[in-house]
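Colleague: Residues 2 to 78 (our numbering) are what the sequence shown spells out, left to right.
Take a look at the following structure, please.
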Amino acid sequence: MLGDFYKEKEADAVWWVDDFNSVGKHLFSFDKRKIYNLFVDYPYNMTAEEVAIFSKENPYWREFFQAWFTDKDGGDK
Numbered sequence: 002m003l004g005d006f007y008k009e010k011e012a013d014a015v016w017w018v019d020d021f022n023s024v025g026k027h028l029f030s031f032d033k034r035k036i037y038n039l040f041v042d043y044p045y046n047m048t049a050e051e052v053a054i055f056s057k058e059n060p061y062w063r064e065f066f067q068a069w070f071t072d073k074d075g076g077d078k
């Protein structure tokens with residue numbers, strides 16, 4: 002069962018939503034219709050614009066996934 006949509010900051014474009022039937026899922030949306038799973042969809046199943054917005058509003062997660070996106074020399078994988 003999904004909970005209500007909420008924003009961490011009023012000005013954010015990203016809406017977060019809790020999944021009360023599971024532990025560890027981080028679900029979010031830009032329009033309250035299409036819901037992304039952070040660990041499944043970011044960044045590959047999102048548009049470039051959505052990735053840019055999400056990364057700007059959520060620097061913690063961008064940093065967390067940085068090693069997944071870059072090779073040992075700092076280039077894109």
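Beta carbons are placed, not taken as given, at the ideal position from N, Cα and C, and that holds for glycine.
Bear in mind that the values here come from a model prediction, so they are computed numbers and not experimental data.
May I ask which residues mark the beginning and end of the alpha helix (DSSP H) holding Val52?
Modeller: Here the alpha helix (DSSP H) through Val52 covers 49-58.
Colleague: Quick one: Cα of Ala14 to Cα of Arg34, how far?
Modeller: Distance between the alpha carbons of Ala14 and Arg34 is about 13 Å.
Colleague: Where DSSP assigns a beta bridge to Asp13, which residues make up the other side?
Modeller: Answer is none; Asp13 lacks a bridge partner.
Colleague: Which residues does DSSP list as the beta-bridge partners of Asp20?
Modeller: According to DSSP, which records beta bridges pairwise, Asp20 is partnered with Leu3.
Colleague: Name the two residues that bound the continuous beta strand (DSSP E) containing Phe40.
Modeller: Looking at the DSSP string, Phe40 is not in any beta strand (DSSP E); the run it does join, the alpha helix (DSSP H), is 39-42.
Colleague: Compute the distance between the beta-carbons of Leu39 and Trp62, then report whether it is under 9 Å.
Modeller: Their beta carbons are under 9 Å apart, which means Leu39 touches Trp62 by this criterion.
Colleague: Could you tell me which of Ser30, Gln67, Gly4 sits nearest to Asn22, measuring between CA atoms?
Modeller: Among Ser30, Gln67, Gly4, the Cα nearest to that of Asn22 belongs to Gly4.
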